[in-house]
Structures are given as structure tokens and as C-alpha cells.
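The opening position of the sequence shown corresponds to residue 1 in this note's numbering, with each subsequent residue numbered one higher.
I have placed the structure first, in the form of C-alpha cells, so that the comments after it can refer back to it.
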Amino acid sequence: MNLTQRSYCNRILRVDLTTGSIETTPLPEAVMPLILGGKGLGAWLLYTEQPAGVDPLSPQNHLIFHNGPLTGTTAPTAGRFGVTTKSPATGTYFDGYCGGYWGNGLKYAGYDALVITGAAQNPVMIVIDGERVEIRAAGNLWGQTISASTEKIKKELGAGWQALVIGPPGEAQRNLAGIFNESRALARGGVGAVMGSKKIKAIAVRGSGRVHVHDKKQYERALQLAFRAVRMSGQISMLRKEGTANILEIVNVMGALPTRNFQQ
Numbered sequence: 001m002n003l004t005q006r007s008y009c010n011r012i013l014r015v016d017l018t019t020g021s022i023e024t025t026p027l028p029e030a031v032m033p034l035i036l037g038g039k040g041l042g043a044w045l046l047y048t049e050q051p052a053g054v055d056p057l058s059p060q061n062h063l064i065f066h067n068g069p070l071t072g073t074t075a076p077t078a079g080r081f082g083v084t085t086k087s088p089a090t091g092t093y094f095d096g097y098c099g100g101y102w103g104n105g106l107k108y109a110g111y112d113a114l115v116i117t118g119a120a121q122n123p124v125m126i127v128i129d130g131e132r133v134e135i136r137a138a139g140n141l142w143g144q145t146i147s148a149s150t151e152k153i154k155k156e157l158g159a160g161w162q163a164l165v166i167g168p169p170g171e172a173q174r175n176l177a178g179i180f181n182e183s184r185a186l187a188r189g190g191v192g193a194v195m196g197s198k199k200i201k202a203i204a205v206r207g208s209g210r211v212h213v214h215d216k217k218q219y220e221r222a223l224q225l226a227f228r229a230v231r232m233s234g235q236i237s238m239l240r241k242e243g244t245a246n247i248l249e250i251v252n253v254m255g256a257l258p259t260r261n262f263q264q
């Protein structure tokens with residue numbers, strides 16, 4: 001069974017902002033069975049392609065957006081996508097995840113991952129419309145808030161588009177700046193600063209493709225089991241009512257509330 005039969009697109013979109021080059025490459029087919037979905041893909045790409053010692057805010061740092069095989073399907077939480085990079089907040093590996101519809105848009109456009117390298121001289125917006133990919137000037141958006149930028153982008157591009165945007169903190173390369181898809185946020189690790197260091201104001205995507213499911217009957221059976229588990233989960237019910245703030249005490253018991261950059 002090939003990768004497209006496993007719900008992958010089998011394509012990585014690569015954009016080098018220093019040279020302006022845009023290309024697509026296939027997924028590492030021999031590696032994919034050994035790694036876990038989009039999380040594994042992002043980690044593998046950063047580990048194998050980026051040398052050690054890179055400054056997180058330098059053009060050499062890779063900014064990698066990635067999907068898993070279930071992204072764009074009807075599976076629970078399958079609308080989420082990830083980003084992997086070297087964090088300016090910690091100086092080490094980082095991966096974060098976001099809801100919204102941008103990840104679906106990238107998958108429907110035909111890509112499992114977007115790898116951005118280099119840095120532009122002036123503010124830009126990357127526009128991905130299926131096979132057509134452009135690097136557009138975005139000086140008119142620089143300095144604008146998330147909501148104002150998103151509104152202008154949708155007005156310019158029209159219906160069916162999803163945009164990832166940074167605000168003034170990302171432009172100023174603040175170490176805790178996030179990246180936003182409307183009200184959804186990649187809020188940790190300073191990923192907005194990495195995007196700002198590359199002079200990327202926004203990444204807009206639109207696609208009309210669909211995700212191939214190899215065994216639809218087995219998929220539907222697994223889907224019903226997953227939905228049943230979600231409905232019966234007391235934790236999910238709590239999160240639905242009170243949000244992730246509800247897990248603060250649990251996270252503290254797990255030792256996952258770091259102090260002094262994980263020294264305590």
C-alpha cells in the first residue's frame with residue numbers, strides 16, 4: 001500500500017525565502033512507517049535537514065508546518081495541524097499544535113508539510129492555491145493586528161481561504177509571540193517570532209482535494225468507537241465546559257509546569 005492510500009498526499013512543499021525558490025518533494029517513503037504521523041514527520045525533517053547550533057531567529061532555522069494522515073478527515077481532532085522549529089524561547093527543539101481550518105486547507109491543497117527556509121528582505125505573504133504557490137508582498141499588512149490582517153486577506157483573496165497570521169509581537173520577534181488562524185493559536189515556543197524573523201506576515205491556503213481512506217468500512221467502525229469514547233469521557237466533558245484551564249492541577253502533579261526553563 002503506497003502513501004496516498006494511507007491518507008497522505010506524498011508531497012512536501014518547500015519555500016526558500018532567500019532565493020525565492022518553490023518546489024515540491026515526495027515524503028521519505030522508507031521513513032514514514034517508522035514515525036508517528038505529522039508529529040514524527042516534523043521532528044524527522046528538522047532533525048535531518050537543519051544543522052546543530054542554528055540561531056532560532058536566523059534564516060537558517062527551518063519553520064515546518066505539518067499534517068498527519070487523518071488531517072482533513074472526519075476523525076476526532078483531525079482538524080489540528082502542527083509546527084516544528086527551533087524555539088527562540090528555549091533555544092531547543094519545539095513542536096506545537098493548533099485547531100481551526102488551516103491544516104485542512106493545506107491538506108486539501110495537496111501537501112503533507114510546508115518547509116520554509118531563508119528569510120525575505122521585506123514583508124511577504126505566502127499564498128498556496130493547490131498547485132499554484134506565490135510569494136506576495138505584504139507591506140500593507142505589516143504592523144496590523146491579527147483580526148485586521150485576517151479581514152484584509154480574506155477581502156483580497158475571496159471565499160474559501162484560511163490564513164495563518166502574526167501580529168506586531170511576532171513582527172518584533174518577541175520570544176513568546178504566537179501564530180494565529182483567526183481565534184485559534186499556536187501560542188507556545190515563540191513560533192510567531194520565527195515567522196517574523198523570516199518577514200512572513202501570513203500564509204494563506206486554499207484547496208479542493210480530498211483525503212483518500214483505504215478501507216472506508218473499517219475507518220467508519222473505528223470512527224464510531226472513537227466518538228463513543230469521547231462521549232463517555234468525563235475528562236472531555238470537563239474540558240468542553242471549562243477549557244484547558246481545568247487541567248492545571250493535573251499538569252502540575254505530572255511535573256509539566258516548568259520553572260526557570262525546566263530547571264525546577
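Backbone N, C-alpha and C define an ideal beta-carbon position, used for all residues, glycine too.
Only a predicted model underlies this, so the values are computations on that prediction, with no experimental measurement involved.
Counting only runs that start and end inside the segment 14-68, the alpha helix (DSSP H) elements of at least 4 residues fall at 37-49.
The distance from the Cβ of Gly196 to that of Gln173 is about 5 Å, consistent with a contact at the 8 Å cut-off.
In the DSSP assignment, Arg11 falls outside any beta strand (DSSP E) and carries neither an H nor an E. DSSP places Lys217 inside the alpha helix (DSSP H), whose first and last residues are 216-232. Closest option to Thr71, judged by alpha-carbon separation, among Thr85, Cys9, Val191, Pro123: Cys9. Within the same chain, Tyr108, Gly130 come within 7 Å of Ser208 by CB-CB distance, once the 5 residues on both sides are set aside. DSSP links Tyr93 through a beta bridge to Lys86. In this structure, DSSP gives Lys154 a helical state, which the three-state scheme calls helix. Between Val194 and Ile22, the C-beta spacing is not below 7 Å.
Of all alpha-carbon atoms in Ala52, Ala226, Gly82, Pro51, the one lying nearest the alpha-carbon of Leu36 is that of Gly82. In the structure shown, Leu257 adopts coil according to DSSP, grouped into three states. Cβ-Cβ distances below 8 Å link Thr24 to Arg11, Ile12, Leu13, Arg14, Tyr111 in the same chain, with the five nearest sequence neighbours on each side left out; the list follows chain order.
For Thr117, the pairing in a beta bridge is given by DSSP as Asp16.
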